[in-house]
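Here the structure comes first, spelled out in structure tokens, and everything after it is commentary.
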Amino acid sequence: MDPEYVSELIDEFVADLAPDVRRPVPPTAALKDVGIDSLSLMDLLSLLERRTGVEIPDDALPEISTVQDLLDHLAAARPRV
Amino acid sequence: MCSGFLYGLAVADGLIGTGAAGRILLIGADTFSTILNPGDRSTGAVFGDGAGAVVLRGGDPAEAGAVRHVELGSDGGLADLITVRAGGSRLRRQDASAAEAWFAMQGQAVYRHAVRRMTASARDVLDRTGWTPDDVDLFIAHQANLRILDTVAAELGIGPDRVYANVQDVGNTAAASIPLALAHAVTDKALDEGHRVLLAAFGGGATWGAATLVWPRLTSDHFEQG
Numbered sequence: 000m001d002p003e004y005v006s007e008l009i010d011e012f013v014a015d016l017a018p019d020v021r022r023p024v025p026p027t028a029a030l031k032d033v034g035i036d037s038l039s040l041m042d043l044l045s046l047l048e049r050r051t052g053v054e055i056p057d058d059a060l061p062e063i064s065t066v067q068d069l070l071d072h073l074a075a076a077r078p079r080v
Numbered sequence: 000m001c002s003g004f005l006y007g008l009a010v011a012d013g014l015i016g017t018g019a020a021g022r023i024l025l026i027g028a029d030t031f032s033t034i035l036n037p038g039d040r041s042t043g044a045v046f047g048d049g050a051g052a053v054v055l056r057g058g059d060p061a062e063a064g065a066v067r068h069v070e071l072g073s074d075g076g077l078a079d080l081i082t083v084r085a086g087g088s089r090l091r092r093q094d095a096s097a098a099e100a101w102f103a104m105q106g107q108a109v110y111r112h113a114v115r116r117m118t119a120s121a122r123d124v125l126d127r128t129g130w131t132p133d134d135v136d137l138f139i140a141h142q143a144n145l146r147i148l149d150t151v152a153a154e155l156g157i158g159p160d161r162v163y164a165n166v167q168d169v170g171n172t173a174a175a176s177i178p179l180a181l182a183h184a185v186t187d188k189a190l191d192e193g194h195r196v197l198l199a200a201f202g203g204g205a206t207w208g209a210a211t212l213v214w215p216r217l218t219s220d221h222f223e224q225g
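Quick note, the sequences are listed as chains A and B, same order.
Following numbering that gives the first Met the number 0, the numbering of the first sequence begins with 0 at its first residue and continues without gaps.
Following numbering that gives the first Met the number 0, the numbering of the second sequence begins with 0 at its first residue and continues without gaps.
Right, here's the structure in full:
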């Protein structure tokens with residue numbers, strides 16, 4: 000997984016969702032502060048998993064609150080079956 | 000409940016296929032307003048009451064109107080995703096707290112499982128039918144929310160122009176959602192004779208399913224909308 004590619008995807012997603020949020024979104028940013036609520040996070044995860052070909056396990060979801068958490072979990076994720 | 004129409008379709012398909020019934024009126028109807036907690040914003044604003052129906056009869060599998068394949072799945076291990084805990088033999092309504100009498104769902108987990116199960120089920124039923132996603136003229140999924148519909152379609156590789164949605168007008172009407180969407184698609188002229196249609200749904204249980212069919216020619220005698 001290429002973190003730069005994932006960061007670009009996240010920036011594009013945030014641009015659509017919350018155009019007023021400054022980009023690039025820093026890794027330390029809390030997802031809720033860049034307009035990503037619990038339902039939007041599911042949209043973003045679906046998009047990232049589809050584009051990167053990996054799957055984040057459901058039990059990791061409560062641990063994802065920042066962009067960096069998302070990058071870390073994607074880096075550790077297994078290929079989709 | 001949300002996959003109820005597809006479960007009904009599978010039963011009707013089987014009854015007609017075995018000759019046990021010649022003609023079946025299949026009604027999908029739910030009144031979720033009776034089980035929604037008015038204080039729960041995650042469900043109260045999402046669901047609606049509705050009813051829809053189709054008539055099924057025996058015929059030639061090659062003719063327009065034929066149900067081609069139906070695929071069902073379930074996993075009782077996911078029973079806690081979508082619940083109304085009270086009202087059955089395990090917990091009688093008079094013994095339940097107010098919260099146990101309301102509908103409840105785990106939104107994030109439902110989203111994830113709905114996307115995965117509907118996508119896999121749709122792929123299976125397409126394979127069995129001998130269709131690819133490109134062959135589908137219209138994809139009508141259970142109208143849970145627009146984002147789940149869009150995500151499943153993206154996973155399948157079905158473009159947004161071939162996805163029908165009326166959830167923005169009627170909400171999630173549970174078992175009524177697919178037959179209502181079929182009716183609205185006809186009046187919107189999105190669905191016409193000979194169209195190859197893919198249906199998919201996910202709901203409580205957890206249960207899910209998908210079906211393929213070729214839409215029949217309807218006259219005004221066949222079609223009514225209230």
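Built from N, CA and C at the ideal position, the CB exists for glycine as well.
As the structure is a computational prediction, the values presented were derived from the model and not from experiment.
A distance of 8 Å or more separates the beta carbons of V54/B and A210/B. Burial of E154/B is indicated by the presence of at least 16 other C-beta atoms within 10 angstroms of its C-beta. Between Q142/B and V124/B, the C-beta spacing is not below 8 Å. For V114/B, the neighbours in chain A by C-beta distance under 9 Å run, in chain order, M41 and S45.
Neighbours of R49/A in chain B, taken as residues at a C-beta separation under 7 Å, are given in chain order as A153 and E154. Here Y163/B is not near L71/B, since their CB atoms are 8 Å or more apart. Closest in C-alpha terms to A108/B, from the list L38/A, E11/A and A28/A, comes L38/A.
Here R146/B is not near D36/A, since their CB atoms are 8 Å or more apart. The three-state secondary structure of D39/B, taken from DSSP, is coil.
Proximity of chain B to S37/A at the Cβ level (cut-off 8 Å) is accounted for by G106 and Q107, in chain order.
Residue environment analysis places V80/A among the exposed positions, since fewer than 16 neighbouring C-beta atoms fall within 10 angstroms of its C-beta. Shown here, G76/B sits in a helix according to DSSP, grouped into three states. A52/B is not a Cβ neighbour of L80/B, given a cutoff of 8 Å. For I9/A, the enclosing alpha helix (DSSP H) covers residues P2 to L16. Distance between D74/B and D136/B, taken at the CA atoms: about 30 Å.
Between P2/A and V151/B, the alpha-carbon positions lie close to 25 Å from each other.
Counting only runs of at least 4 residues, the region 147 to 201 of chain B fully encloses the following alpha helix (DSSP H) elements, listed from N- to C-terminal order: 166 to 169 and 176 to 186.
M104/B is bridged by DSSP to I81/B.
L8/A has a beta carbon lying at 8 Å or more from every beta carbon in chain B.
Here DSSP, grouped into helix, strand and coil, assigns L55/B to strand. According to the DSSP assignment, I15/B belongs to the alpha helix (DSSP H) that extends over G3 to G16.
In the structure shown, P56/A falls within a coil segment according to DSSP collapsed to helix, strand and coil. Taking a cut-off of 8 Å on C-beta distances, the region 45 to 57 of chain A does not touch the region 90 to 103 of chain B, as fewer than three cross pairs fall below it.
Our two residues, G34/A and K188/B, have alpha carbons roughly 37 Å apart in a direct line. Near chain B, meaning a CB-to-CB distance below 7 Å, the residues of the region 52 to 69 of chain A are D57 and L60.
Nearest Cα to D32/A within the set A76/A, T65/A, L8/A and F12/A: T65/A. In summary, T218/B is exposed, with fewer than 16 beta-carbon neighbours lying within 10 Å of its beta-carbon over all protein chains present. Listed in chain order, the non-local C-beta contacts of A184/B below 7 Å within the same chain comprise L137, I139, Y163 and L190, local neighbours out to five positions each way being set aside.
In the three-state scheme derived from DSSP, where H, G and I count as helix and E and B as strand, V80/A is classed as coil. Straight through space, the alpha carbons of T27/A and A14/A are spaced by roughly 17 Å. The beta carbons of A65/B and L212/B sit closer together than 8 Å.
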